[in-house]
Every structure is written in structure tokens, then in C-alpha cells.
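Here the structure comes first, spelled out in C-alpha cells, and everything after it is commentary.
Number of protein chains: 2
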Amino acid sequence: MHDSDFELCEECNYHPQRICLARQQLLTDNIVFQLAETFKVVGDPTRIKILHALSKGEMCVCDIAETLNMGQSAISHQLRVLRNARLVKFRKDGKTVWYSLDDDHVVALLCQGLEHISHS
Amino acid sequence: MHDSDFELCEECNYHPQRICLARQQLLTDNIVFQLAETFKVVGDPTRIKILHALSKGEMCVCDIAETLNMGQSAISHQLRVLRNARLVKFRKDGKTVWYSLDDDHVVALLCQGLEHISHS
DNA sequence: TTCATATATGAACATATATTCATATATTGG
DNA sequence: CCAATATATGAATATATGTTCATATATGAA
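In order, the protein sequence lines correspond to chains A and B. Counting from 1, one number per residue, gives the positions in the first sequence under our numbering. Counting from 121, one number per residue, gives the positions in the second sequence under our numbering.
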């Protein structure tokens, strides 16, 4: 939220009250950035396929790679992205690393997206 | 869904039943692509700010530009992206074009994203 | 220890994308 | 018609990103 809201509202000559309105309850830049980051991560076909596969239960890296017919390295890179976004979690068991969805919000997010494309 | 599920499940030597499981109820490539496209569009700070501004009510292009402190051209380009993704709609009134959110699912999608980042 | 397996990671490359600049289109007022 | 305003768009540029390849790390088996 800027301190300069007032000045700007008096300067601009179009529809100042609308501008001020839109600036109110403004999401902070930090939250906007985090939001964008989250959606960006889900906004890739490979990662959506991974999340969808994991929605059936936990899987190890090479099984995900087999499922998607992709290389292990590519999957591993994408899993790191998903991990950083806290969309998936993992546990280690010997040589194997088992990945799973971080929580139920992930599925909810995907479903909300499906909702949108089915309504358009 | 591929015809080759069976062969692959017999070929791979890791955890075939998990792979087959994950392939079941598979989202078609087309749906995955549409989903990814939708999330990708929302996955940009500028576009999130636009959607957030529009969540308060319809706005014209130059007011959005003023609100975000950005150029008219940049906003216009992004509005086209949002339009193509059916996230915003518009109506013309003389020289002015009024943009608004396409439907309530857009806000729901944003909220679901907020839900995720607040839980992590 | 040595070998095989499962996963992670850095570099490189090709592609996608956000913004800016210049300009085009369309509408209104004089 | 002409000028001003609101918006759209194409080209250019800088930056981000997904995959591959080669290689590193780590674990278990012999």
C-alpha cells in the first residue's frame, strides 16, 4: 500500500475514485509475488501431470518418470520446483524417495482450475 | 489414456501397479494443457494485480494502468492474455473499454491460491 | 571395497514471455 | 474533415524456463 494514494487520486483525471477503490485492500507485493509463484508452478503440463499422478497416492521418482514417459532428470528437476512451492513433500526409504501431495489444498486448487475450464 | 498401458506395465520393472493406477482416470492431454494454460495466465504478478483490481468492480484500461503504475500498452497486452483465457470480459462504451472479471470462479481461484500460501 | 541403482544437480540450449516503443485503429468533439 | 483521446497491436529486446546431457551423491548388495 502506497503513501501516495491521495496525490495520485488528485493528479489523475480519469476516474480517481475507482483507482482509489482498487488500491484499497490491495494485496501486498509480497503476497502477489507468492501467489503468482504458486500459480506459475502449477501452470505447466508436466507438473500438472505429476500432481495428478500423486493425487492417487505417493510415488517414487522413477515411477513418475515412467508414468509420464519422461526422463528421470526432467522429473527430478520439476519435483524440486514443486517442493520449493510446498506443493509436494517427500520421505526417503533407502535409495528410494517417495513423493506425495503436500496437503489437500493442492487437489482443491487443481479442481478449481478444472471448474474454470469447464465453464468456458 | 494410452492403449499401451498393458505393455508398459509388463515392461517396467519397478512398481507397475502404481504406474497403472496413476494412469487411470488420467486427464487427457488436452485438458492438462488447458489447465496449465489457465494457471500460467494467473501465474504473473501483473495479471494478478489486474484481477485483484477488477474484483472490486469493472475498470477501464487507463485506470488499471494508473492503479498499477504501468504503461497502457503493457496493460493492454496483459488484458488480451486474460481475455483469451476467459478470465476477464469487457464491454465498450464509446472510446472507453470496461473490463471486469468473467465470473465468480476467478475470485475463487485466487482465493484457493491464497489458501495455499497461507498454509505454507 | 566395488558395483549397481535411485535421485539430484549444474551447464547448455532452445523456447516462451513481459515490457517497451512506435504506430494503428476507433470514437468523440469542434 | 481534423484533432484529441482510448485502446490495440506488431516488432524488438531482455529475461525466464523446461528439457537434455553429463555427472555427482547416496544407499544397498556382493
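Even for Gly, the Cβ is constructed at its ideal location relative to N, Cα and C. All values derive from a computational prediction rather than experimental measurement.
Next item on the list: Starting from Leu51 of chain A, trace the alpha helix (DSSP H) both ways and give me its first and last residue.
Entry: 45-54
Note to self: Once the 5 residues before and after Ala142 of chain B are set aside, which same chain residues still bring their CB inside 7 Å of it?
What the structure shows: In this predicted model, Ala142 of chain B has a pLDDT of only 48, less than 50, meaning its place in the structure is not dependable enough to derive any value.
Check: Taking all protein chains shown into account, do 16 or more other C-beta atoms lie within 10 angstroms of the C-beta of Gly233 of chain B, making it buried, or fewer, making it exposed?
Finding: buried
Item checked: Cβ contact check for the segment 185-201 of chain B and the segment 168-177 of chain B: 3 or more pairs under 8 Å -> yes
Note to self: For Thr148 of chain B, would you say it is in contact with chain A, using Cβ-to-Cβ distances shorter than 8 Å as the test?
What the structure shows: no
Check: If His225 of chain B and Glu115 of chain A are in contact, beta carbons under 8 Å, what's the gap, nearest whole angstrom?
Finding: 6 Å
Item checked: Beta-carbon proximity of Ile45 of chain A to Val181 of chain B, cut-off 8 Å -> The sequence given here places Pro at residue 45 of chain A; Ile does not occur at that position. Against a cut-off of 8 Å, the Cβ pair of Val181 of chain B and Pro45 of chain A comes out as no contact.
Next item on the list: Round the Cβ separation of Phe267 of chain B and Phe39 of chain A to the nearest angstrom and send it over; I've been treating them as touching at under 8 Å.
Entry: With chain B represented from 121 up to 240, any question about residue 267 of chain B goes unanswered, as that position is not in the structure.
Margin query: Helix, strand or coil, according to DSSP, for Asp213 of chain B in the structure here?
Written below: strand
Notebook entry, point to check: Going by other Cβ atoms of all chains shown within 10 Å of its Cβ, with 16 needed for buried, is Thr67 of chain A buried or exposed?
Noted result: buried
Check: Thinking C-beta only, is Leu174 of chain B closer than 8 Å to Val208 of chain B?
Finding: yes
Check: Taking buried to mean at least 16 other C-beta atoms within 10 Å of its own C-beta, is Gly71 of chain A buried or exposed?
Finding: exposed
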